[in-house]
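Quick notes on the structure that follows.
In UniProt numbering, the protein residues as written are 1 to 235.
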């Protein structure tokens, strides 16, 4: 989630009116991973706002990385201004860097990146990645791996704005072809170029893969004291 404050924002994009709601959502809260930079193209910023509007239209709350800058700030403002709850989870050491001005919604400070990811996963019913950098990719791959392991069966979506994630999707195809990812695990990821299409796919998502270890096994590890967060993530 590298920060870059040299790019221009497009506040007029926040004025886009929400579209009528299609149907009630099965999700209460969705976790969105995205950059603390706005990116070089207005289309990335527009996509963040459109995704925020989709959450508002479907009465879904937002869980995110807690920053007020970049794409993080844009989607948080769109959801908060639309009347939905916004929960930002951020390590204390990043607050001076990623929160400028007023906080957006509820901000929950944690002590580490590991706690940040675990808390966001615990709170969310699904995950979506907007364009972003190393941090976004790391968060995305971790929740995909957790799904593959059987820790959770929550859907994971890629908002593939202007083909931003095409190279990642090609890598996954190659890993399946070469036998490093099973064909069923290939379906963990749901991808679409627009927020509306992606949300529709996530609503219809049904897991097709079998976790490497079933969810009760991870819960037993919690009871034996091996971990502290997995059962809450798996809810």
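From the three backbone atoms N, C-alpha and C, an ideal C-beta is built for every residue, glycine too. Being a predicted model, the structure only gives us computed values, none of them experimental.
Item, Value
"CA-to-CA distance, residue 159 to residue 64, given in whole angstroms", "15 Å"
"Inter-residue CB distance, residue 105 and residue 80 (contact presumed, cutoff 8 Å)", "5 Å"
"Where residue 136 falls, given that 16 or more other Cβ within 10 Å makes a residue buried", "buried"
"For residue 121, the three-state DSSP class (helix, strand or coil)", "helix"
"Residue 93 burial status per 10 Å Cβ neighbour count (16 or more: buried)", "exposed"
"Residue 130, DSSP secondary structure in three states", "coil"
"Cβ-based neighbour list, residue 142, same chain, cut-off 7 Å, excluding 5 preceding and 5 following", "117"
"Residues sharing a beta bridge with residue 31, DSSP", "63 and 127"
"Three-way DSSP call (helix, strand, coil) for residue 189 in this model", "strand"
"Cβ neighbour criterion (16 or more within 10 Å) applied to residue 173", "exposed"
"Buried versus exposed, by CB contacts within 10 Å (16 or more), residue 139", "buried"
"Through-space distance from residue 192 to residue 200, alpha-carbon basis", "10 Å"
"Touch test, the segment 26 to 46 against the segment 166 to 182, Cβ-Cβ under 8 Å, three pairs minimum", "no"
"Beta-carbon spacing of residue 69, residue 120 below 8 Å", "no"
"Sequence-distant residues of the same chain with beta carbon closer than 7 Å to residue 47, five excluded per side", "130, 159, 161 and 195"
"According to DSSP, residues forming a beta bridge with residue 109", "90"
"Residues sharing a beta bridge with residue 157, DSSP", "128 and 190"
"Secondary structure of residue 42, DSSP reduced to three states", "helix"
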